[in-house]
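In the numbering used here, the protein residues as written are 12 to 128.
And the structure:
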């Protein structure tokens, strides 16, 4: 079992920055890839960024150059630094972890990010 707890969401003006954190606990030694997803009202959940256990990263085209995903294995925490925020970035952001040989998927409870114009 893995538990994920997100924090760092809030209200920010367009052009501003926020940093999201996701703290993992439980069977953390089995965590492989971690990721951030987001879901805006009326939309499907979409992948924002991923980071492998080795530090390899991947980003959605819509956030490339503005968002940075990072991972502190000593603190069992993954971060999402979000810069140059736009109103269309408004969504609930979810942390995800793929665990074990079967890549079982765990989710956090989500944190709201609201960007005002």
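We put the beta carbon where it would ideally sit given N, CA and C, even for glycine.
Note that the structure is predicted; figures quoted are calculated from it, not measured.
Closest by C-alpha distance to residue i, when choosing among the options
i           : options           : result
residue 120 : 25, 28, 38, 47    : 47
residue 7   : 92, 102, 16       : Since the first and last residues shown for the chain are 12 and 128, residue 7 lies out of range.
residue 107 : 98, 90, 99        : 90
residue 59  : 41, 127, 99       : 99
residue 92  : 49, 42, 30        : 30
residue 14  : 75, 45, 26        : 45
residue 41  : 32, 123, 115, 122 : 115
residue 43  : 53, 61, 32        : 61
residue 32  : 75, 52, 81        : 81
residue 133 : 127, 53, 12       : Past the boundaries of the shown model lies residue 133; the chain is included only from 12 to 128, so the question cannot be answered.
Rounded separation between residue i and residue j - CA only
i           : j           : result
residue 24  : residue 73  : 18 Å
residue 70  : residue 95  : 15 Å
residue 39  : residue 57  : 24 Å
residue 63  : residue 125 : 27 Å
residue 77  : residue 68  : 14 Å
residue 17  : residue 50  : 15 Å
residue 118 : residue 27  : 26 Å
residue 34  : residue 105 : 12 Å
residue 65  : residue 122 : 26 Å
residue 88  : residue 79  : 14 Å
Status (buried if at least 16 other CB within 10 Å, exposed otherwise) for residue i
i           : result
residue 22  : exposed
residue 83  : exposed
residue 20  : buried
residue 112 : exposed
residue 85  : exposed
- Please specify which runs of the alpha helix (DSSP H), each continuous and at least 4 residues long, are wholly inside the stretch 59-94, giving them in chain order. Annotation note: the stretch 59-94 contains no uninterrupted alpha helix (DSSP H) run of length 4 or greater.
- Quick one: complete beta strand (DSSP E) runs, 3+ long, within the stretch 28-53? If we require 3 residues or more, the beta strand (DSSP E) runs fully inside the stretch 28-53 come out as 29-37, 42-50.
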